[in-house]
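Here's the structure we're looking at; comments come further down.
There are 2 protein chains.
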Amino acid sequence: MKTISLQEISTALKVSKSTISYVLNGRGDEKRISINTQQMIEEYAKAHNYKPNPLARSLIVGKSNMIGFVLPNIADFFFARITRSIEKKAMQSGYEVVFSSTGEDKEREEKSIQSMLDRNVDGLIIASSQKNEKDILRLTQNKFPMVLIDRKYPDISTNFVGLNNIGGITMLVEHLINMGRKKIGFVSLNMDLLTLNERLNSYEETMKRNGCEVKKGFIQQLEYNHTDNDMERIIKIMLSKSIGVEGLIFSTQFLAADGIRALNKMNIKVPTDMAVVSYGHKNDFDLFKVPLTAIDFPVEEIGEKAVDILLENMKDINMKKEEFYFNTELIVRESCGSH
Amino acid sequence: MKTISLQEISTALKVSKSTISYVLNGRGDEKRISINTQQMIEEYAKAHNYKPNPLARSLIVGKSNMIGFVLPNIADFFFARITRSIEKKAMQSGYEVVFSSTGEDKEREEKSIQSMLDRNVDGLIIASSQKNEKDILRLTQNKFPMVLIDRKYPDISTNFVGLNNIGGITMLVEHLINMGRKKIGFVSLNMDLLTLNERLNSYEETMKRNGCEVKKGFIQQLEYNHTDNDMERIIKIMLSKSIGVEGLIFSTQFLAADGIRALNKMNIKVPTDMAVVSYGHKNDFDLFKVPLTAIDFPVEEIGEKAVDILLENMKDINMKKEEFYFNTELIVRESCGSH
DNA sequence: AAAATAGGCACAAACGTTTGAGCAAATCAG
DNA sequence: CTGATTTGCTCAAACGTTTGTGCCTATTTT
Numbered sequence: 001m002k003t004i005s006l007q008e009i010s011t012a013l014k015v016s017k018s019t020i021s022y023v024l025n026g027r028g029d030e031k032r033i034s035i036n037t038q039q040m041i042e043e044y045a046k047a048h049n050y051k052p053n054p055l056a057r058s059l060i061v062g063k064s065n066m067i068g069f070v071l072p073n074i075a076d077f078f079f080a081r082i083t084r085s086i087e088k089k090a091m092q093s094g095y096e097v098v099f100s101s102t103g104e105d106k107e108r109e110e111k112s113i114q115s116m117l118d119r120n121v122d123g124l125i126i127a128s129s130q131k132n133e134k135d136i137l138r139l140t141q142n143k144f145p146m147v148l149i150d151r152k153y154p155d156i157s158t159n160f161v162g163l164n165n166i167g168g169i170t171m172l173v174e175h176l177i178n179m180g181r182k183k184i185g186f187v188s189l190n191m192d193l194l195t196l197n198e199r200l201n202s203y204e205e206t207m208k209r210n211g212c213e214v215k216k217g218f219i220q221q222l223e224y225n226h227t228d229n230d231m232e233r234i235i236k237i238m239l240s241k242s243i244g245v246e247g248l249i250f251s252t253q254f255l256a257a258d259g260i261r262a263l264n265k266m267n268i269k270v271p272t273d274m275a276v277v278s279y280g281h282k283n284d285f286d287l288f289k290v291p292l293t294a295i296d297f298p299v300e301e302i303g304e305k306a307v308d309i310l311l312e313n314m315k316d317i318n319m320k321k322e323e324f325y326f327n328t329e330l331i332v333r334e335s336c337g338s339h
Numbered sequence: 001m002k003t004i005s006l007q008e009i010s011t012a013l014k015v016s017k018s019t020i021s022y023v024l025n026g027r028g029d030e031k032r033i034s035i036n037t038q039q040m041i042e043e044y045a046k047a048h049n050y051k052p053n054p055l056a057r058s059l060i061v062g063k064s065n066m067i068g069f070v071l072p073n074i075a076d077f078f079f080a081r082i083t084r085s086i087e088k089k090a091m092q093s094g095y096e097v098v099f100s101s102t103g104e105d106k107e108r109e110e111k112s113i114q115s116m117l118d119r120n121v122d123g124l125i126i127a128s129s130q131k132n133e134k135d136i137l138r139l140t141q142n143k144f145p146m147v148l149i150d151r152k153y154p155d156i157s158t159n160f161v162g163l164n165n166i167g168g169i170t171m172l173v174e175h176l177i178n179m180g181r182k183k184i185g186f187v188s189l190n191m192d193l194l195t196l197n198e199r200l201n202s203y204e205e206t207m208k209r210n211g212c213e214v215k216k217g218f219i220q221q222l223e224y225n226h227t228d229n230d231m232e233r234i235i236k237i238m239l240s241k242s243i244g245v246e247g248l249i250f251s252t253q254f255l256a257a258d259g260i261r262a263l264n265k266m267n268i269k270v271p272t273d274m275a276v277v278s279y280g281h282k283n284d285f286d287l288f289k290v291p292l293t294a295i296d297f298p299v300e301e302i303g304e305k306a307v308d309i310l311l312e313n314m315k316d317i318n319m320k321k322e323e324f325y326f327n328t329e330l331i332v333r334e335s336c337g338s339h
């Protein structure tokens, strides 16, 4: 596993380390190293497969050719896809990616960020838990190249790429209304994330705008780690005579799948007894017992755009903050009835 | 983003760097540093939030407290889950994880491995493309701590954790036979991976053992990047009168989903016209139009076991190679008819 | 009282780079 | 032929650690 060092080339070739370093970094001409010496060095380096030690280099230049990606959970398909696209895009520009999952936990997010900074990453992409205002603030104040994705802090101006949640939810609500459902429930997660809040607010506004009352009980929030029973319980509530929901919006694709599972178990017919839509798409929604109408969005593009902006930011540390929102797309299937 | 260094503590406290280093590494007593000095140093370090620079440390001690995970594709849910479990388990032992996707590409796998070695990872977990015998051999010869998962090289003795493919496929074949299907097709990917080969061989053997002929056309292999049309085409072939398959085994969960999609489109009734099983499980198989019978396996456990073995190997560079195979579980649903 | 031991720390090299400054020899200008 | 410039390289510090050796003083042993 031993790899050759500058020192070894130096003694072998009887040429100083600096000369070698200059040549190998393409500064040979600039430093007026003779053609002969340059060739000799380059040949020797190639022949012995010299690779500069990135640690030593990083230690001195303060850069690492790595970008860090801090995310809630790599086993979340949404983030896994983004990770892949970030990695791909970064690689095209010669950067490597290090990532770290935080489990939506503030302490672990802090640790991850610190660890990445310690390792001299050149920039950060963060899907924050939104509980870590401190670090995000610190990073922006220090003008550290960074872009937030999916989750942002309302009070901090940063680069950001996310979704047009409002447009997406509007489409869902209006689709349900068009299919003849007025009493529409909204099930979301009990997490204080801006994305989720935007979705909730957009639901309420769109309902009002269309003259649909949002009755008490129409909105249900589950814990992040809810059980199947929890889901059944809230569906039961929304179906009760006093509430009588006829359509359901699930604010994430995972909730939607869980919801369908509960509806199946409770023997509630979709779409007859209950129309269902999902904000967010999963691969096999089309294969479900009743194929699910859902909002899809360009996941890979989020990662790519984030890298684009980050690279810009790394070039120009004083660049104007950039926000980018991807539009979503309504994929109509059968879970709200047919036209 | 500036962080305090040993040097700065040294000048501030008028104590040599070495003393500080010893104290902060818990070797103060051993090095007979007086209680007073130790306290002073520790307090100052805590107050100024001193964190040793991992690069500098790694450069000199040759270790990094990182383990590397090389995998085909992080957006593959199977590997994403493993990644998560590796990360979790490694963290419990104070290690960080760096990962890199290779896209099943030999060159990229080589690059990833080299890059990780350059960064002084203390050990490697590799889900290899199985096209990189050279590196794997080199690593084992150099006694570099490593464990292969899911994919292995028949000719190289390494640590390995994978699945009991033979047992899994046997269960599937025999389940189909028990459900009255004798003419069973097998669709897999046209990739030279040991796991896939094991599955194929096990299929053939189990068929023979149960007196079922494996006719020409029963076995179909698709390209990794096949289209929906490709899938429909091979299903059409297997359904042709001369072949007349009554049951299908898909050798991966992704193939299974694609297969179901094709069957739906072709209006072939499951299980009446075609019984279907999947080797490998996906989250929403239970929500499908006809819930899918599948082999499930302990994905997270693969990652955990790999970390366990790797840590052992890092402790004892000469340990005996360990192979571990997880058993699979048959989850019976409705895609082969009811009992 | 001299020698040995213990206590408490500092020195300096090492890891493998990068980089500004500088130096000797060769070439040029006048 | 002298001084200036160019050519071709070397020196050494720096990045932030770790670690073996060694030094000085104080205490104990003999």
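Chains as they are written, first to last, in full-length UniProt numbering: chain A, 1 to 339; chain B, 1 to 339.
Every residue gets a Cβ at the ideal spot worked out from N, C-alpha and C, and that includes glycine.
Since we're looking at a predicted model, the values are computed, not measured.
With a 10 Å radius around its C-beta and 16 neighbouring C-beta atoms as the bar for buried, classify residue i as buried or exposed.
i: histidine 48 of chain A; result: exposed
i: glycine 211 of chain A; result: exposed
i: threonine 227 of chain B; result: exposed
i: isoleucine 295 of chain A; result: buried
i: glycine 162 of chain A; result: buried
i: serine 18 of chain B; result: exposed
i: arginine 209 of chain A; result: exposed
i: lysine 265 of chain B; result: exposed
i: asparagine 25 of chain A; result: exposed
i: isoleucine 317 of chain A; result: exposed
i: glutamine 253 of chain B; result: buried
i: threonine 83 of chain A; result: buried
i: residue 363 of chain A; result: Outside the displayed span of chain A (1 to 339) sits residue 363 of chain A, for which this structure offers no information.
i: asparagine 159 of chain B; result: buried
i: alanine 12 of chain B; result: exposed
i: aspartate 188 of chain B; result: The sequence shown places serine at residue 188 of chain B, not aspartate. So serine 188 of chain B ends up on the buried side.
i: tyrosine 50 of chain B; result: buried
Quick check on residue i: does DSSP put it in helix, strand or coil?
i: glutamine 7 of chain A; result: helix
i: aspartate 258 of chain B; result: helix
i: valine 299 of chain A; result: helix
i: methionine 319 of chain B; result: coil
i: glutamate 30 of chain A; result: coil
i: threonine 293 of chain A; result: strand
i: valine 307 of chain A; result: helix
i: glycine 168 of chain A; result: helix
i: isoleucine 177 of chain A; result: helix
i: glutamate 312 of chain A; result: helix
Answer yes or no: the CB of residue i versus the heavy atoms of the ligand NAP, is any distance below 6 Å?
i: aspartate 316 of chain B; result: The ligand NAP is absent from the structure shown, which contains no ligands of any kind.
Name the two residues that bound the continuous alpha helix (DSSP H) containing residue i.
i: glycine 185 of chain B; result: No alpha helix (DSSP H) contains glycine 185 of chain B, which is instead part of the beta strand (DSSP E) from 184–189.
i: glutamate 329 of chain B; result: No alpha helix (DSSP H) contains glutamate 329 of chain B, which is instead part of the beta strand (DSSP E) from 329–331.
i: methionine 91 of chain A; result: 77–92
i: methionine 116 of chain B; result: 106–118
i: glutamate 133 of chain B; result: 133–141
Tell me where the beta strand (DSSP E) around residue i begins and ends.
i: asparagine 201 of chain A; result: Not the beta strand (DSSP E): asparagine 201 of chain A falls in the alpha helix (DSSP H), residues 194–209.
i: asparagine 159 of chain B; result: 159–163
i: arginine 23 of chain A; result: Sequence inspection shows valine at residue 23 of chain A; the arginine mentioned does not correspond to that position. Valine 23 of chain A -> not in any beta strand (DSSP E); alpha helix (DSSP H) instead, spanning 17–24.
i: methionine 146 of chain B; result: 146–149
i: serine 100 of chain B; result: 96–101
i: glycine 337 of chain A; result: Unbroken run through glycine 337 of chain A: none, as it is neither H nor E.
i: glycine 124 of chain A; result: Before going on, a small fix: residue 124 of chain A reads as leucine here, not glycine. Per DSSP, leucine 124 of chain A belongs to the beta strand (DSSP E) from 123–126.
Inset, instruction - Kindly confirm or deny that the stretch 263–276 of chain A and the stretch 308–319 of chain A touch, where touching means at least three C-beta pairs closer than 8 Å. - result: Look at the beta carbons and you see the stretch 263–276 of chain A not touching the stretch 308–319 of chain A: under three pairs across the two are nearer than 8 Å.
Legend entry - beta strand (DSSP E) runs wholly inside the stretch 32–72 of chain A, at least 3 long, in chain order: Counting only runs of 3 or more residues that sit fully inside the stretch 32–72 of chain A, the beta strand (DSSP E) segments are 66–71, in chain order.
Legend entry - Cβ pair count under 8 Å reaching 3, the stretch 196–207 of chain B against the stretch 166–174 of chain B: Result yes; three or more Cβ-Cβ pairs closer than 8 Å.
Inset, instruction - Taking only runs that begin and end inside the stretch 211–284 of chain A, name each unbroken beta strand (DSSP E) of 3 or more residues, in chain order. - result: Restricted to the stretch 211–284 of chain A, the beta strand (DSSP E) segments that are unbroken, complete and at least 3 residues in length are 219–222, 247–250, 275–279, listed in chain order.
Inset, instruction - Report yes or no: do three or more beta-carbon pairs, one from the stretch 26–45 of chain A and one from the stretch 74–91 of chain A, lie closer than 8 Å? - result: Counting C-beta pairs with one atom in each stretch, the stretch 26–45 of chain A and the stretch 74–91 of chain A have fewer than three that are closer than 8 Å, which means they do not touch.
Legend entry - the stretch 274–284 of chain B contacting the stretch 242–262 of chain B, beta-carbon criterion three pairs below 8 Å: Segment contact: the stretch 274–284 of chain B against the stretch 242–262 of chain B, three or more CB-CB distances shorter than 8 Å; contact assigned.
Inset, instruction - Kindly confirm or deny that the stretch 286–301 of chain A and the stretch 109–127 of chain A touch, where touching means at least three C-beta pairs closer than 8 Å. - result: Inter-segment contact for the stretch 286–301 of chain A and the stretch 109–127 of chain A is absent: fewer than three beta-carbon pairs are separated by less than 8 Å.
Legend entry - Contact between the stretch 240–257 of chain B and the stretch 314–329 of chain B (3+ Cβ pairs under 8 Å): Not touching, per the Cβ criterion.
Inset, instruction - Tell me, please, whether the stretch 135–151 of chain A touches the stretch 177–185 of chain A by the rule of three or more beta-carbon pairs shorter than 8 Å. - result: No, the stretch 135–151 of chain A does not touch the stretch 177–185 of chain A.
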